[in-house]
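Novice: First to last, the sequence lines map onto chains A and B.
To convert, note that position 124 of the first sequence is 124 in my numbering; the numbers rise steadily by one, no gaps.
In short: position in the second sequence from 1, add 443, done, that's my numbering.
Sharing a structure here in structure tokens format.
2 protein chains.
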Amino acid sequence: MSKYNVSCPSGFPEWTPAEERVYQQWVSVIRDVFEKNGFMPITTPLVEREENLLSKGGNPKEMYVLKRILDEEGDNSHSGNALRFDHTVPLALYVARHLNDIAFPFKRYAIGPVLRGERAQKGRFRQFDQCDIDVIGSGELSLANDAMVAAVIIQIFERLLEGEKFVVRINNRKILTGFFEQLKIKKKDIKNVLAIVDDLEKIGHEKVQKNLLEMGLSETVSKKILEFTEISGTNDEILKKAEKTGLLQKTGLNELKEVLQALRFLGVDEKKFKVDLSIARGLDYYTGTVYETTLVGSEGLGSICSGGRYDDLAEIFTGKKLPGVGISIGLTRLLSKLFEAKLVNVDRSSPSHFLVIAASEGAKSKCLKIASLIRSFGYPVENYLEDKKIGKQFEYADKLGIPYAVIVGDDELSKKCVQLKNMKSGTQKEIVAKDLEKELKKL
Amino acid sequence: MSKYNVSCPSGFPEWTPAEERVYQQWVSVIRDVFEKNGFMPITTPLVEREENLLSKGGNPKEMYVLKRILDEEGDNSHSGNALRFDHTVPLALYVARHLNDIAFPFKRYAIGPVLRGERAQKGRFRQFDQCDIDVIGSGELSLANDAMVAAVIIQIFERLLEGEKFVVRINNRKILTGFFEQLKIKKKDIKNVLAIVDDLEKIGHEKVQKNLLEMGLSETVSKKILEFTEISGTNDEILKKAEKTGLLQKTGLNELKEVLQALRFLGVDEKKFKVDLSIARGLDYYTGTVYETTLVGSEGLGSICSGGRYDDLAEIFTGKKLPGVGISIGLTRLLSKLFEAKLVNVDRSSPSHFLVIAASEGAKSKCLKIASLIRSFGYPVENYLEDKKIGKQFEYADKLGIPYAVIVGDDELSKKCVQLKNMKSGTQKEIVAKDLEKELKKL
Chain A
1 MSKYNVSCPS GFPEWTPAEE RVYQQWVSVI RDVFEKNGFM PITTPLVERE ENLLSKGGNP
61 KEMYVLKRIL DEEGDNSHSG NALRFDHTVP LALYVARHLN DIAFPFKRYA IGPVLRGERA
121 QKGRFRQFDQ CDIDVIGSGE LSLANDAMVA AVIIQIFERL LEGEKFVVRI NNRKILTGFF
181 EQLKIKKKDI KNVLAIVDDL EKIGHEKVQK NLLEMGLSET VSKKILEFTE ISGTNDEILK
241 KAEKTGLLQK TGLNELKEVL QALRFLGVDE KKFKVDLSIA RGLDYYTGTV YETTLVGSEG
301 LGSICSGGRY DDLAEIFTGK KLPGVGISIG LTRLLSKLFE AKLVNVDRSS PSHFLVIAAS
361 EGAKSKCLKI ASLIRSFGYP VENYLEDKKI GKQFEYADKL GIPYAVIVGD DELSKKCVQL
421 KNMKSGTQKE IVAKDLEKEL KKL
Chain B
444 MSKYNVSCPS GFPEWTPAEE RVYQQWVSVI RDVFEKNGFM PITTPLVERE ENLLSKGGNP
504 KEMYVLKRIL DEEGDNSHSG NALRFDHTVP LALYVARHLN DIAFPFKRYA IGPVLRGERA
564 QKGRFRQFDQ CDIDVIGSGE LSLANDAMVA AVIIQIFERL LEGEKFVVRI NNRKILTGFF
624 EQLKIKKKDI KNVLAIVDDL EKIGHEKVQK NLLEMGLSET VSKKILEFTE ISGTNDEILK
684 KAEKTGLLQK TGLNELKEVL QALRFLGVDE KKFKVDLSIA RGLDYYTGTV YETTLVGSEG
744 LGSICSGGRY DDLAEIFTGK KLPGVGISIG LTRLLSKLFE AKLVNVDRSS PSHFLVIAAS
804 EGAKSKCLKI ASLIRSFGYP VENYLEDKKI GKQFEYADKL GIPYAVIVGD DELSKKCVQL
864 KNMKSGTQKE IVAKDLEKEL KKL
């Protein structure tokens, strides 16, 4: 036995090849939709200056700082750097770095790993991929962007979650804070109330009520909050009922209406977005529209994609007011939940459609040619190149989930044909060489 | 001015969006070719145990170790971890972790960043992406894999470097070491001679001769080495001339011949691979076939893709002999050189083909619909959503390199048409709504 502990460090998992293939397919759909909507790819470094990360919300308990084991004399250029913990602070730094070159509104996407030294626990990772889009305005940014960003998310999940129903739930922070102010809740308490209400979906009515009472709100106020955040119906009905309370903050309401209107103009299916007055989002910096996305019937999985509107991306770095709206898919966490809940199918490990097998020594060189030919038709294909019995070669195809074997032996060489074996059904078919492309196309 | 230094930490650069788009296109071609050849994607964590990295060649001067600023009491699970500096050691660890599940020969690819705390200098990065393929055998691995791996690289650069000529230069370590042994060069000196000879392309005949003499070889021996490593001609001619020296190691020669033969069976263009007896590769662990890839006419850029055959991937981790053959593209370094040498074109920043512009307030909602429609045809498209003069909107399209503007004002609304403006030529064309798909297809 090896003296080395070769396991992954705690919190740093890896996918199986089959899971990884799903992951890659998801990334490619997400990337395609981002680009179809005009978002530019930006990849910032994994490493930024520690002080910059700390000044925009970096948690010193979770941030990974880089050291070298042996530091060369006089080379201090490594110290003071740390690993990014999200894509938002790097975006702020990117904008600060390139302020004069950027054409606003600035639409960028970022896909890649972020690292947080959180306590390791199930479903929590210390390295995980996030897929972010943001639109940053210079001074101002139209509300239509809030709709566009939601529409992008809907396009993505319409392609990724065929059959699974999902809904983007939308609210506006100003509606909630305005409502709380009308209820005379103290300014300092509002943050707490927002956090409690935000958990409504997760912990349910009773617990939210209990938490509101425990934080010192009266029964009347708690009841009003719950009645308000639980208003249901169609999007228009919810807004009407909310307006009837007489406690609605006008700006927030108008913003939300404008976003809904734009979503309709964009042709988004009304079933895919829903006003939900309980959505608050924990983070302080959201100031308007907020989104969460849930799987209908699997709400327990939590939000699969969240975001919102903020007033200030990077003023501490740029001295300028840059409002933005963005949304993020926590892809590692999301897929790990979906795999576990069997809501996404993981099929085979290998990308190969065909394994070309030489059934005789003399067929080996021909098999190299045949694989190249099949590849030229556009299919993923590989040769089995080792000297093993044919049974071993079928085992290899089975283990990797390669669906078809193409077998060539001396017989096939003389008859100028191949045997095509369906690895699942076991059925085999002889195909003459000149029909190969046509026959493979039929599969 | 901001008190923060927002620049990227030294050695951690970022692409412009236009460069990043090329980078993404390259990754997608590389990934596609890897998969078309049956390589499975594996993404190992960025972080591995420090002792594992150090035990397989990690340089303690360059390795980045992770620390947290504030470590929670009793949580030691973060210490002793470091960032990967290549994909090979993580591959060895992956194989050790999954030894019983892996179907051999194991063909995996890895694309992603690795980190090295090298001294910062031009063209050197502390974070850079590598694209690796390896085939790992259990006990044995056929030489046809050495050809297959070279064929993959040739497929990649045939797609990426249209017009640019490149050549994969192939040698076998055993030929060189055998030749040096025949010349009675001492075992302890062979490593040095290999390193000197490996620089032949880079530093030229004179300097290599000088270095060989300086390390203590006689003039006769130095001359023989240079004559041997400079043998030129077609692949077959080179082998014949080398054989004539009578100093050729048989195993190495036969291996090389077998690899060349397999490349021919694979249908690879003979102009794309070339025997070069000077190729040695610096790294100790190569034991047979070695490759370098150079751009014809830009040899000064150095090898754009290198690799070779090794006897032992991971014995220290697995207790098993696992031979392998692999090759790596240092994509960040390569593209940064190609951009600088203007050998690869960088065009526009934005993926959008069309910018939809509302020329009147009343046209805004219609413009959202039109962009959605164009997107449904499959094109990347975006709306300009801010309240700016039309000149500003054209400026935005120009700055991002969006090639076409689709303009709709009150006139177009009433006539049910759009104006299509070619941003480069400035020409404009009226298109009636029902012809939109057909007309855009013509572009």
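Heads up, the beta-carbon is just placed ideally off N, CA and C, and yes, glycines get one too.
For SER365(A), would you say it is in contact with chain B, using Cβ-to-Cβ distances shorter than 8 Å as the test?
Specialist: So yes, SER365(A) belongs to the interface.
Novice: Output the distance between the C-alpha atoms of LEU828(B) and SER232(A), rounded to the nearest integer angstrom.
Specialist: Spanning the two alpha carbons is a distance of roughly 31 Å.
Novice: To the nearest angstrom, how far is the alpha carbon of GLY500(B) from that of ASP529(B)?
Specialist: Roughly 10 Å between the two C-alpha positions.
Novice: Can you list, in chain order, the residues of its chain whose CB lies under 6 Å from that of LEU774(B), leaving out five sequence neighbours each side?
Specialist: Correct list, in chain order: ASP572, CYS574.
Novice: Which residue's Cα is closest to the Cα of TYR94(A): LYS366(A), SER298(A), THR251(A), THR318(A)?
Specialist: The option with the nearest alpha carbon to TYR94(A) is THR318(A).
Novice: According to DSSP, which residues form a beta bridge with GLY500(B)?
Specialist: None; GLY500(B) has no bridge partner.
Novice: Looking at GLU505(B): is its Cβ nearer than 8 Å to the Cβ of ASN37(A)?
Specialist: Against a cut-off of 8 Å, the Cβ pair of ASN37(A) and GLU505(B) comes out as no contact.
Novice: Of all Cβ atoms in chain A, is any one closer than 8 Å to the Cβ of GLY481(B)?
Specialist: With 8 Å as the cut-off, GLY481(B) counts as an interface residue toward chain A.
Novice: Would you tell me roughly how many angstroms separate the C-alpha atoms of GLY252(A) and LEU176(A), rounded to the nearest one?
Specialist: GLY252(A) and LEU176(A): Cα-Cα distance of roughly 8 Å.
Novice: Could you have a look at GLN598(B) and say whether DSSP puts it in helix, strand or coil?
Specialist: Of the three classes helix, strand and coil, the one that applies to GLN598(B) here is helix, per DSSP.
Novice: Determine whether the Cβ of TRP458(B) lies closer than 8 Å to any Cβ atom of chain A.
Specialist: TRP458(B) counts as touching chain A.
Novice: In angstroms with no decimal places, state the Cα-to-Cα distance between SER771(B) and LEU263(A).
Specialist: For SER771(B) and LEU263(A), the distance between alpha carbons rounds to 46 Å.
Novice: Residues in its own chain within less than 7 Å of GLY844(B) by CB, not counting five upstream and five downstream?
Specialist: Answer for GLY844(B): ASP790, ARG791, SER792, SER793, listed in chain order.
Novice: With 8 Å set as the bound, which would you pick, yes or no: does the beta-carbon of ILE485(B) sit closer than that to a beta-carbon of chain A?
Specialist: Cβ-Cβ to chain A under 8 Å: yes for ILE485(B).
Novice: Compare the C-alpha of PHE157(A) against each of ALA371(A), GLY426(A), ARG31(A) and name the closest.
Specialist: The shortest Cα separation from PHE157(A) among ALA371(A), GLY426(A), ARG31(A) belongs to ARG31(A).
Novice: Mind checking who CYS8(A) pairs with in its DSSP beta bridge?
Specialist: DSSP output for CYS8(A) lists no bridge partner at all.
Novice: Examine chain A for any beta-carbon lying closer than 8 Å to the beta-carbon of ARG492(B), and answer yes or no.
Specialist: By this cut-off, ARG492(B) is an interface position.
Novice: According to the Cβ coordinates, are LYS858(B) and ALA848(B) closer than 8 Å?
Specialist: Going by C-beta atoms, LYS858(B) is not nearer than 8 Å to ALA848(B).
Novice: Taking the alpha-carbon of SER218(A) as reference, which of LYS240(A), VAL193(A), LEU200(A), LEU239(A) has the nearest alpha-carbon?
Specialist: The option with the nearest alpha carbon to SER218(A) is VAL193(A).
Novice: With C-beta atoms as the reference, is VAL595(B) less than 8 Å away from PHE708(B)?
Specialist: Going by C-beta atoms, VAL595(B) is not nearer than 8 Å to PHE708(B).
Novice: Of the residues GLU19(A), THR43(A), ARG116(A), which one's Cα is nearest the Cα of VAL490(B)?
Specialist: Answer by Cα proximity: ARG116(A).
Novice: ARG511(B) lies in the beta strand (DSSP E); which residues open and close that run?
Specialist: Segment 507 to 511, the beta strand (DSSP E) holding ARG511(B).
Novice: Enumerate in chain order the residues of its own chain whose CB-to-CB distance from MET658(B) is below 8 Å, with the five nearest sequence positions on each side excluded.
Specialist: Closer than 8 Å at the Cβ level, and outside the excluded window around MET658(B), lie ASP632, ASN635, VAL636, ILE639.
Novice: With a threshold of 8 Å between beta carbons, is MET148(A) in contact with chain B?
Specialist: Closer than 8 Å: yes.
Novice: My parser needs the alpha helix (DSSP H) runs of 4 or more residues fully inside the segment 536 to 620 of chain B; what are they?
Specialist: If we require 4 residues or more, the alpha helix (DSSP H) runs fully inside the segment 536 to 620 of chain B come out as 587 to 603.
Novice: Who are the neighbours of ALA705(B) on chain A, taking C-beta pairs under 7 Å?
Specialist: Within 7 Å Cβ-Cβ: LEU368.
Novice: What do you reckon, are the CB atoms on ALA358(A) and LYS364(A) nearer than 8 Å?
Specialist: It is a contact, given that the beta carbons lie within the stated cut-off.
Novice: Indicate whether LYS780(B) and LEU744(B) have their beta-carbon atoms separated by less than 8 Å.
Specialist: Result yes, Cβ atoms of LYS780(B) and LEU744(B) sit closer than 8 Å.
Novice: One question on the structure: do ARG126(A) and PHE12(A) come within less than 8 Å of each other, judged by their Cβ atoms?
Specialist: Yes.
Novice: Judging by CA-CA distance, which residue of GLN836(B), ARG818(B), ARG776(B), GLU855(B) is the nearest neighbour of ARG567(B)?
Specialist: Answer by Cα proximity: ARG776(B).
Novice: Quick one: grab the DSSP three-state call for PRO460(B).
Specialist: Helix at PRO460(B).
Novice: I'd like to know whether the C-beta atoms of LEU66(A) and TYR507(B) end up nearer to each other than 8 Å.
Specialist: Yes, Cβ-Cβ distance for LEU66(A) and TYR507(B) is below 8 Å.
Novice: Throw me the rounded Cβ distance for the GLU230(A) and ILE485(B) pair, which I believe falls under 8 Å.
Specialist: About 47 Å; that fails the 8 Å criterion.
Novice: My understanding is that PRO452(B) touches ASN81(A), with C-beta atoms under 8 Å, so please give their C-beta distance in whole angstroms.
Specialist: That belief holds up - the Cβ atoms of PRO452(B) and ASN81(A) are roughly 5 Å apart, short of 8 Å.
Novice: What residues from the segment 856 to 879 of chain B come within 9 Å of chain A, judged by C-beta to C-beta, listed N to C?
Specialist: Correct list: empty, as no residue qualifies.
Novice: As a quick exercise: from GLU873(B), THR730(B), VAL664(B), pick the residue whose alpha carbon is nearest that of CYS860(B).
Specialist: The shortest C-alpha separation from CYS860(B) is found at GLU873(B).
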